[in-house]
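Sequence order for the protein chains is A and B.
The first sequence begins at 244 in my numbering and counts up by one.
The second sequence begins at 244 in my numbering and counts up by one.
Glycine included, every Cβ here is placed at the ideal spot set by N, Cα and C.
Note that the coordinates shown come from a computational prediction; the quantities given were computed from them, not determined experimentally.
Report on the following structure.
2 protein chains.
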Amino acid sequence: MTANLNGIRSAASKGFFPWFLTQEIDVLCVQETKAQQHQLSEQILAVPGYVSLFEDAEKRGYSGVALYARIAPDRVHRGIGLADLDAEGRYLQADWGNLSIASFYAPSGTSGAERQAQKERYMERLTTMFGEMLADQRQYILCGDMNIAHTTRDIKNWRSNQNTPGFLPHERAWLDHVFDDIGICDAFRAVDQRDEQYTWWSMRANARANNVGWRIDYHFVTPNLRASVREAIITPQPFFSDHAPLIITYDLDLPTHQPHYPPLGLTS
Amino acid sequence: MTANLNGIRSAASKGFFPWFLTQEIDVLCVQETKAQQHQLSEQILAVPGYVSLFEDAEKRGYSGVALYARIAPDRVHRGIGLADLDAEGRYLQADWGNLSIASFYAPSGTSGAERQAQKERYMERLTTMFGEMLADQRQYILCGDMNIAHTTRDIKNWRSNQNTPGFLPHERAWLDHVFDDIGICDAFRAVDQRDEQYTWWSMRANARANNVGWRIDYHFVTPNLRASVREAIITPQPFFSDHAPLIITYDLDLPTHQPHYPPLGLTS
DNA sequence: CGTAGTATG
DNA sequence: CATACTACG
Chain A
244 MTANLNGIRS
254 AASKGFFPWF
264 LTQEIDVLCV
274 QETKAQQHQL
284 SEQILAVPGY
294 VSLFEDAEKR
304 GYSGVALYAR
314 IAPDRVHRGI
324 GLADLDAEGR
334 YLQADWGNLS
344 IASFYAPSGT
354 SGAERQAQKE
364 RYMERLTTMF
374 GEMLADQRQY
384 ILCGDMNIAH
394 TTRDIKNWRS
404 NQNTPGFLPH
414 ERAWLDHVFD
424 DIGICDAFRA
434 VDQRDEQYTW
444 WSMRANARAN
454 NVGWRIDYHF
464 VTPNLRASVR
474 EAIITPQPFF
484 SDHAPLIITY
494 DLDLPTHQPH
504 YPPLGLTS
Chain B
244 MTANLNGIRS
254 AASKGFFPWF
264 LTQEIDVLCV
274 QETKAQQHQL
284 SEQILAVPGY
294 VSLFEDAEKR
304 GYSGVALYAR
314 IAPDRVHRGI
324 GLADLDAEGR
334 YLQADWGNLS
344 IASFYAPSGT
354 SGAERQAQKE
364 RYMERLTTMF
374 GEMLADQRQY
384 ILCGDMNIAH
394 TTRDIKNWRS
404 NQNTPGFLPH
414 ERAWLDHVFD
424 DIGICDAFRA
434 VDQRDEQYTW
444 WSMRANARAN
454 NVGWRIDYHF
464 VTPNLRASVR
474 EAIITPQPFF
484 SDHAPLIITY
494 DLDLPTHQPH
504 YPPLGLTS
């Protein structure tokens, strides 16, 4: 499951974690924790049956990603190698044997040219990383909020948003390149071709009730996992955030679904 | 009526003005509007049957007093003659013939020595003004939040608050001086000798439910009005703010209770 | 604890 | 429009 929670504390106060525990999830990738680990309650730090990992922004109340897993990873990687963006808590990867899963959060470009430039630096770095991921033969699932809708069926009002960051022609072309040229798989689209399958709705103007949304949250997977993608589910209910969680089920031979990882409180 | 509304917009959203209109009030003095006039809705600016006057802080969202009256005053005075404190919107006086009514808001000293020093400058200036008011023979009613509880019966936990700004020995002694030496009348105490008659409760720790309060809101009246004080009522219900409105009824010969001042929208 | 402001999205 | 942080009380 990947979920931009728009404040992990806010989502927790709306019952996210009790609901999450009903979903039988092996790995949860969270974006926009908007908190530093020292500010988190036990309910958030020590989810029964999971190890939790946090990659916080240096700036309080801003950005930040997390990853919860039933099985403790062998190794953890933080950041994408760009110091300023890494200080914003935007990439956290866990490795289990041949499999890596990451929680990523691309910058939003909606607050101005400077942030759009940072978003594009993040995109460029991902381009390089995707190439390396394909080359090293391991299996990768990058889960997160890319802040880009791909095609006209991934956004309600595509015409009026052609000049809006998140649906700019060159952003969409970058996703074309990632999927068509590099060969990364959009796991949702591997199994679901329907339109109006959105993962984010503006909080303004009743956008969610009218399903005026965008599909900007993804599982980016290496082609060696394409055949393993079994099912994709967006869960807009219950409401925890302006984003809906996206659950993708993979057929994998890894012991990622042990009945219960002992709740050892291994919170880092 | 005097009421520290701790945000006039917040109080309005809780229904303060509809309730106020049921109370048959001639003059309303408001403190802590926490807004500038240009931010106010018509519901707040144009209360039917009243003229409204606002004395805002220069700093947005901070302090500010207002005065509503059934009868338009002959003259309005703003500030106490101390430029820095006057920039915080802490004094607004309206005159009708021989009668003046003011809405005042003394600085709080609870956030540090610097603010306590400002509070004491405000107190000193009031001392001078009280002397002048007695000398000029007019009738004065100064309504507002003094941020000082007078005696041990004006505060729940007097022992533990002897070192707390708002109940410091020299603050209490200043009120002794104002009442006993200068001759200003505490209109509430002119007609009500009960203890536990509080006008403010901390918003923390369930203080209001347990009536852990302070009487820090006053009508300060010149001695030529003492005999006119008929009744004092604190209205802790309904809840609009951390302060309760204080209503004092005066027997006066002035036309302050015309059935309805025409709602002309005279909002300044 | 609660009303404001601010940044950020 | 919503989650944060901050100031102030």
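As the crow flies, the alpha-carbon of B:G307 is around 5 Å from that of B:A300.
CA-CA distance, A:F347 to A:Q361, rounds to 14 Å.
CA-CA distance, B:D424 to A:S253, rounds to 56 Å.
In the DSSP annotation of this structure, the continuous segment of the alpha helix (DSSP H) that includes B:S253 starts and ends at 251 to 256. The beta-carbon distance between B:I251 and B:K277, rounded to whole angstroms, is 7 Å. This is short enough to meet the 8 Å contact definition. Burial is judged here by how many other beta carbons sit within 10 angstroms of a residue's own beta carbon; B:S354 has fewer than 16 and is exposed. The Cβ atoms of A:A392 and A:T442 do not sit closer than 7 Å to each other. For B:Q361, the enclosing alpha helix (DSSP H) covers residues 356 to 378. For A:A450, the closest alpha carbon among the candidates A:N247, A:D485, A:R432 is that of A:D485. The Cβ-Cβ distance between B:A312 and B:V294 falls below 7 Å.
Taking the Cα of A:L271 as reference, the smallest distance to any Cα among A:Q336, A:D329, A:Y305, A:L325 is reached at A:Q336.
Under the three-pair Cβ rule at 8 Å, the stretch 433 to 447 of chain A counts as touching the stretch 476 to 485 of chain A. According to the DSSP assignment, B:A309 belongs to the beta strand (DSSP E) that extends over 308 to 312.
Judged by beta-carbon spacing, A:F260 lies beyond the 7 Å limit of A:Q279, meaning their Cβ atoms are not closer than that value.
Judged by DSSP in its simplified three-state form, B:F347 adopts strand.
Here DSSP, grouped into helix, strand and coil, assigns B:D338 to strand. For secondary structure counted as the alpha helix (DSSP H) over 4 or more consecutive residues, the stretch 276 to 327 of chain A holds these complete runs in sequence order: 285 to 288. Sequence-distant Cβ neighbours of B:T395 in its own chain, meaning closer than 8 Å and more than five residues away, are W401. A:W457 is bridged by DSSP to A:I398, A:W443. Under the DSSP definition of a beta bridge, B:G426 lacks any partner. In the structure shown, the three-state DSSP call for A:F259 is helix. The DSSP-derived three-state label of A:H393 is coil.
Here DSSP, grouped into helix, strand and coil, assigns A:N467 to helix.
Residue pairing of A:N247 in beta bridges, as defined by DSSP: A:Q274. Counting the other Cβ atoms within 10 Å of the Cβ of B:M366 gives 16 or more, which makes it buried.
Close CB contacts of B:V421 within its chain, under the 8 Å cut and outside five residues either way in sequence, are with L369, T370, F373, I427, F463 (chain order). The Cβ-Cβ distance between A:D496 and A:S471 does not fall below 7 Å. When beta bridges are read from the DSSP output, B:Q382 appears opposite B:L342.
Within a 10 Å sphere around the beta-carbon of B:E414 sit 16 or more other beta-carbons, which makes this residue buried. If you draw a straight line from the Cα of B:D419 to the Cα of A:L288, it is about 55 Å long. Scanning its chain for C-beta atoms nearer than 8 Å, with the 5 sequence neighbours on each side dropped, one finds around B:S284 the residues R252, A255, in chain order. In this structure A:F482 is exposed. Its beta-carbon is surrounded by fewer than 16 other beta-carbon atoms within 10 angstroms.
DSSP places B:E474 in the strand class (E or B) of the three-state scheme.
In this structure B:L296 is in contact with B:V319, their Cβ atoms being roughly 6 Å apart against a cut-off of 8 Å. Residue pairing by DSSP places A:D388 opposite A:Y348, A:D460 in a beta bridge.
Shown here for A:N404: same chain residues with a beta carbon closer than 7 Å to its own, the five before and five after excluded, namely I398, F410 in chain order.
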